[in-house]
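What follows is a short report on a single structure.
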Amino acid sequence: MIEIPSDLHKDLVPLAFLLGDWAGAGVHDFPGAEKCNFGQEVSFTHDGRDFLEYESHTWVLDNDGNKVRPLESEHGFWRIDANRKVEVTMTRDDGVIEIWYGELADQKPQIDLVTDAVARTAASRPYTGGKRLYGYVKSDLMWVGEKQTPEVELRPYMSAHLKKVVTPEDVERWAKALPDDMPDDGIAFFK
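Sequential numbering from 2 applies to the sequence shown in the numbering used here.
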C-alpha cells in the first residue's frame with residue numbers, strides 16, 4: 002500500500018512509494034571483495050521540505066542468516082523535479098561522496114540512476130562510478146547496483162529484495178482508517 006502523507010512536500014509525491022522503513026536481504030559480488038549474502042535496512046523519511054532523507058545499513062550474513070559484521074552504510078538526500086528527473090547526493094562510510102542523476106520511469110515506480118560526480122578520501126578504495134535501479138514491485142522495494150573501478154569495468158555488484166517494515170503504529174493507523182460500515186463477516190466487502 003502506498004500512502005501519501007498529508008505533510009509530504011508536493012514535489013515528492015511521485016517518490017512516495019519509497020517512504021518508510023524497509024528490510025531484507027541480497028547478494029554482494031565484486032572482484033577483489035568477499036562474495037556474500039547480506040542483510041539490509043533502508044529508511045526513506047521526509048520532514049516537509051523538498052527532499053527525502055535516505056539511510057541504508059548492510060551487513061554480511063552467515064549461512065544461517067545471522068549478522069556477521071557490517072558491510073556498507075550510506076546516507077543521502079533524494080529530490081525530483083517537475084520533469085521526473087531525480088537527483089541524489091550520497092555519502093558512504095568508506096569515504097566516497099557521490100552525486101547521482103536519473104529519472105522516474107513513466108507510468109511505473111522505477112528509478113534509474115547514474116553517478117555524475119564521485120569524490121573520494123585518501124582512505125577509500127578505488128571507485129569511479131556506478132548505476133542503480135530501484136523498483137517498487139508487488140509492494141516490495143527491489144534494487145540492483147553496478148559499480149566500476151579503474152581495474153574493473155561497470156558490472157553488477159549488489160542487489161536486494163526488501164519488504165516494508167510494519168509497525169504497531171501503522172496497523173493502528175490503518176485500522177482507524179477502515180470505513181465504519183465495514184461488514185462484520187468481511188465477505189460482503191469484496192462483492
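Beta carbons are placed, not taken as given, at the ideal position from N, Cα and C, and that holds for glycine.
Beta-bridge partners of residue i, as assigned by DSSP
i, result
"Gly-21", "Phe-45"
"Asp-113", "Glu-104, Leu-134"
"Leu-163", "Gly-25, Leu-142"
Short Cβ contact (9 Å threshold) for residue i with residue j
i, j, result
"Glu-152", "Lys-132", "no"
"Val-28", "Met-159", "yes"
"Glu-54", "Ser-44", "yes"
"Pro-150", "Arg-126", "Reading the sequence as shown, one finds Thr at residue 150 and not Pro. Closer than 9 Å, so yes."
"Ala-26", "Leu-72", "no"
Cβ shell of residue i (< 6 Å), same chain only, five flanking positions each side left out
i, result
"Asn-67", "none"
"Lys-86", "Glu-104"
"Pro-32", "Val-153"
"Glu-56", "Ser-44, His-76"
"Met-91", "Glu-75, Gly-77, Glu-99"
Residue i to residue j span [Cα, whole Å]
i, j, result
"Ile-5", "Gly-49", "12 Å"
"Leu-20", "Thr-46", "6 Å"
"Ala-205", "Val-166", "What is shown of the chain runs 2 to 192, which leaves residue 205 out entirely."
"Phe-190", "Phe-78", "Here Phe-190 scores only 46 on pLDDT, less than 50, and its place in the model should not be relied on; the value that follows carries that caveat. C-alpha separation (whole angstroms): 41 Å."
"Tyr-102", "Asp-117", "6 Å"
"Val-119", "Val-89", "12 Å"
"Ala-17", "Asp-107", "15 Å"
"Lys-177", "Pro-169", "12 Å"
"Asn-38", "Asp-94", "19 Å"
Beta-carbon proximity list for residue i, same chain, < 7 Å, skipping 5 on both sides
i, result
"Asp-141", "His-162, Leu-163, Lys-164"
"Arg-121", "Gly-96, Val-97, Tyr-128"
Integer Cβ distance of residue i from residue j, believed to fall under 8 Å
i, j, result
"Val-97", "Tyr-128", "6 Å"
"Asp-12", "Ile-112", "In fact, because the Cβ distance is near 15 Å, the residues do not count as touching under 8 Å."
Nonlocal neighbours in the same chain, by C-beta distance under 8 Å from residue i, ignoring five residues either side
i, result
"Gly-187", "Residue placement at Gly-187 is flagged as unreliable, the pLDDT there being 49, under the threshold of 50; a coordinate-derived value is accordingly withheld."
"Leu-114", "Val-87, Val-89, Trp-101, Tyr-102, Gly-103, Lys-132, Arg-133, Leu-134, Tyr-135"
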